[in-house]
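For the record, the sequence lines run as chains G and L. The first sequence begins at 11 in the working numbering and counts up one residue at a time. The second sequence begins at 9 in the working numbering and counts up one residue at a time. Read through the structure below, which is laid out as structure tokens, and then see the notes.
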Amino acid sequence: MPDLRELYQEVILEHSKAPRNYRELATANHRAEGYNPLCGDHFTVYLDLEGDSIREISFQGSGCAISKASASLMTQSVKGKTRAEAARLFDQFHKLVTGQSPANGNRSELGKLAVFSGVSEFPVRVKCATLAWHTLHAALQGKQQTVSTE
Amino acid sequence: MTTAARRLPREPRPAEVRDANAEFDVHKIRRDFPILRQRVRDRTLVYLDNAATSQKPQVVIDAICRYYERDNANIHRGVHFLSEHATEEYEGARRTVQSFLNAADAGEIIFVRGATEAINLVAQTYGRTNVHAGDEVLITAMEHHSNIVPWQILCEEKGARLRVAPISDSGELLLADFANLLGPRTKIVAVTHVSNALGTITPVQRIIEMAHRWNIPVLVDGAQAVPHLKVDVQAPECDFYVFSGHKVYGPTGIGVLYGKSALLDAMPPYQGGGDMISSVTFEKTIYNKLPYKFEAGTPHVAGAIGLGAALEYVNGLGTDSIAAHEHELLAYATETVSAIPGIRLIGTAKEKAGVLSFLLDSIHPHDIGTILDQEGIAIRTGHHCAQPVMQRFGIAAAARASFALYNTREEVDALVEGIQKVREVFA
């Protein structure tokens with residue numbers, strides 16, 4: 011049986027209660043909205059892109075503990091990274107939360123994001139964990155429309 | 009229409025209801041529902057998502073199996089034994105629905121896929137014929153999306169206006185505002201009988217009286233009412249009444265539109281095809297009589313038979329006894345859940361049925377749902393297909409426990425313990 015403590019790790023609970031980079035970004039030159047119509051989770055991700063790299067990132071919105079903590083940790087993880095690096099991180103994160111990441115594989119690149127490994131035991135919560143990342147992806151693509159998890 | 013009024017907190021029940029309920033042995037009744045015997049996630053299943061769909065008693069499952077094992081044939085057309093038998097069973101189910109709703113005529117009972125299809129049918133036939141540019145359709149602020157979107161589609165097509173009667177902070181319809189919204193431009197009123205998100209029992213009697221003073225027909229969405237209340241479509245005098253089979257212990261994919269004969273007769277057909285005609289030439293088709301005019305194509309025969317079995321099962325237990333049991337359970341749940349620190353109830357109307365929606369501190373309902381699920385407790389979390397209701401209360405989502413005739417006080421206790429566990433995880 012999956013362990014709730016694996017899902018709701020301290021870091022996740024802490025970030026959901028006090029999300030980092032939770033604000034509108036005045037200098038944003040890219041932004042996107044993400045929406046999960048099934049549960050109503052709704053986030054906006056703001057990006058200040060300088061050339062190819064993410065100079066500043068922030069988010070706002072409402073959602074469950076998993077989605078909010080994921081957005082918060084994501085902003086910390088991708089700040090200062092290039093588009094390609096952010097995309098690679100998303101790919102690894104996605105594999106982690108969908109259980110495609112080898113258990114003893116090298117997760118060092120994920121850093122703090124490894125706290126989301128418990129999500130893979132809760133398939134219906136994968137969308138919560140990835141909503142902010144899909145929104146970031148859309149913002150990087152320069153898409154203006156709302157992305158949906160459906 | 010609501011014979012067992014539910015007032016919270018609990019009132020002493022009248023003697024006759026108590027007597028009727030002496031025979032309501034919920035633990036014995038639970039044995040009629042095979043799905044409730046199983047364990048999920050290594051725990052005893054506590055199913056509190058009945059407003060989404062109810063579980064099925066063995067008699068319903070057996071009725072469907074028996075139909076396919078013994079009676080399956082197309083209806084209304086064969087001269088052979090099986091077809092005749094299947095037709096009898098299907099029409100028998102219609103008479104069961106007729107008597108359950110106390111409709112004047114079996115022709116007023118149209119089998120459809122569910123409440124959603126029934127509302128779309130009325131919007132697309134009665135609505136398209138009678139609602140024109142500048143007209144208005146009146147609904148309430150506590151409708152399910154299925155009683156909003158079909159009217160929006162109609163209003164958009166016709167250049168008509170959708171008006172919405174507001175509700176109070178407790179989730180009750182503001183009748184004075186409702187009355188003020190009625191007028192010569194109002195062409196139909198569509199209201200829920202019981203709110204799926206709030207549990208509010210709406211004052212349909214008053215609503216219908218007010219609308220009829222303007223000669224406006226009223227559609228009542230009974231999807232959440234039929235499992236919990238005794239319904240009589242002639243008192244008060246409903247023009248249309250709709251419900252889904254699967255919420256009242258029947259199968260999915262079958263539901264009912266009740267409509268007064270005079271209204272149904274005057275309406276154009278919804279879908280064209282076989283069975284809904286009495287003669288077809290390339291020049292002209294003559295439509296069949298009621299109810300067949302609205303049942304194009306081979307219907308969900310097994311579903312109708314299953315629904316008939318479900319309603320007979322409910323009749324066997326007694327709608328008053330069921331209502332009394334559920335009333336007591338909801339009062340107990342309201343009392344025990346609201347005693348938990350950090351709980352905010354959404355929907356605190358005086359008259360409620362079957363639904364307890366709540367928030368816990370600032371914990372998102374999805375997180376509540378996941379943690380309860382680990383305890384084997386099934387509840388609904390999210391907007392409950394009633395986003396405008398969520399907007400009314402300034403929230404994105406809520407957690408909802410909803411009750412059925414087979415739920416017990418022990419299950420309410422399990423819910424309370426589960427919510428305590430949520431508090432521990434998020435402490």
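All residues carry an ideal CB built from backbone N, CA and C; glycine is no exception. Keep in mind it's a predicted model, so treat the numbers as computed, not measured.
Measure from the C-beta of residue i to each C-beta in chain G and report whether the shortest distance is under 8 Å.
i: residue 375(L); result: yes
i: residue 153(L); result: no
i: residue 425(L); result: no
i: residue 279(L); result: no
i: residue 382(L); result: yes
i: residue 433(L); result: yes
i: residue 390(L); result: yes
i: residue 378(L); result: yes
i: residue 341(L); result: no
i: residue 254(L); result: no
i: residue 11(L); result: Because the pLDDT of residue 11(L) is 43, which lies under 50, any placement of that residue in the model is unreliable, and the number read from its coordinates should be weighed accordingly. No, residue 11(L) lies away from the interface with chain G (no Cβ there is under 8 Å from its Cβ).
i: residue 405(L); result: yes
On the DSSP bridge assignment, give the partners of residue i in chain order.
i: residue 68(G); result: 56(G)
i: residue 266(L); result: 117(L), 249(L)
i: residue 209(L); result: 202(L)
i: residue 170(L); result: 145(L)
i: residue 51(L); result: 48(L)
i: residue 279(L); result: Looking at the DSSP assignment, residue 279(L) forms no beta bridge with any residue, so it has no partner.
i: residue 44(G); result: 53(G), 157(G)
i: residue 360(L); result: 208(L)
Please state if the CB of residue j and the CB of residue i are separated by a distance shorter than 8 Å.
i: residue 427(L); j: residue 363(L); result: no
i: residue 145(G); j: residue 44(G); result: yes
i: residue 219(L); j: residue 190(L); result: yes
i: residue 270(L); j: residue 227(L); result: no
i: residue 206(L); j: residue 354(L); result: yes
i: residue 135(L); j: residue 224(L); result: no
i: residue 391(L); j: residue 75(G); result: no
i: residue 317(L); j: residue 71(L); result: yes
i: residue 135(G); j: residue 208(L); result: no
Counting only the same chain and skipping the five closest in sequence on each side, list residues whose C-beta sits under 6 Å from that of residue i.
i: residue 319(L); result: 104, 108
i: residue 54(L); result: 384, 385, 419, 422
i: residue 92(G); result: 62, 63
i: residue 388(L); result: 57, 60, 408
i: residue 111(G); result: 105
i: residue 138(L); result: 195
At least one CB of chain L closer than 8 Å to the CB of residue i: is that the case?
i: residue 146(G); result: no
i: residue 56(G); result: no
i: residue 36(G); result: no
i: residue 96(G); result: no
i: residue 100(G); result: no
i: residue 30(G); result: no
i: residue 141(G); result: no
i: residue 149(G); result: no
i: residue 24(G); result: no
i: residue 132(G); result: yes
i: residue 59(G); result: no
i: residue 45(G); result: no
Hey, how far is the Cα of residue i from the Cα of residue j?
i: residue 211(L); j: residue 148(L); result: 12 Å
i: residue 375(L); j: residue 185(L); result: 37 Å
i: residue 84(G); j: residue 433(L); result: 23 Å
i: residue 165(L); j: residue 142(L); result: 12 Å
i: residue 150(G); j: residue 121(G); result: 22 Å
i: residue 117(L); j: residue 146(L); result: 24 Å
i: residue 295(L); j: residue 289(L); result: 12 Å
i: residue 17(G); j: residue 326(L); result: 45 Å
i: residue 188(L); j: residue 356(L); result: 24 Å
i: residue 86(L); j: residue 102(L); result: 19 Å
i: residue 222(L); j: residue 215(L); result: 11 Å
i: residue 89(L); j: residue 79(L); result: 9 Å
i: residue 335(L); j: residue 64(L); result: 21 Å
Leaving out five residues on either side along the sequence, give the residues of the same chain with a beta carbon under 7 Å from the beta carbon of residue i.
i: residue 95(L); result: 83, 84
i: residue 52(L); result: 384
i: residue 48(L); result: 384
i: residue 174(L); result: 149, 182, 185
i: residue 37(G); result: 58, 66
i: residue 35(G); result: 56, 58, 66, 68
i: residue 303(L); result: 118, 119, 283, 284
i: residue 140(G); result: 104, 107
From the beta carbon of residue i, is the nearest beta carbon of chain C less than 8 Å away?
i: residue 14(G); result: Structure shown: chain C not included; protein chains present are G and L.
For residue i, which residues from the same chain have a beta carbon less than 8 Å from its beta carbon, with the 5 sequence-adjacent residues on both sides left out?
i: residue 15(L); result: With a pLDDT of only 41 at residue 15(L), under the threshold of 50, the placement of this residue in the model should not be trusted; the figure read from the coordinates follows. 358, 359, listed in sequence order.
i: residue 19(L); result: In this prediction, residue 19(L) has a pLDDT of 45, which is less than 50 and means its spatial position is unreliable; nothing more can be read from the coordinates.
i: residue 161(G); result: No answer is possible for residue 161(G): it lies beyond the span of chain G, which begins at 11 and ends at 160.
Got a sec: does the ligand FAD put a non-hydrogen atom nearer than 7 Å to the Cβ of residue i?
i: residue 142(G); result: This structure simply doesn't include the ligand FAD, nor any ligand for that matter.
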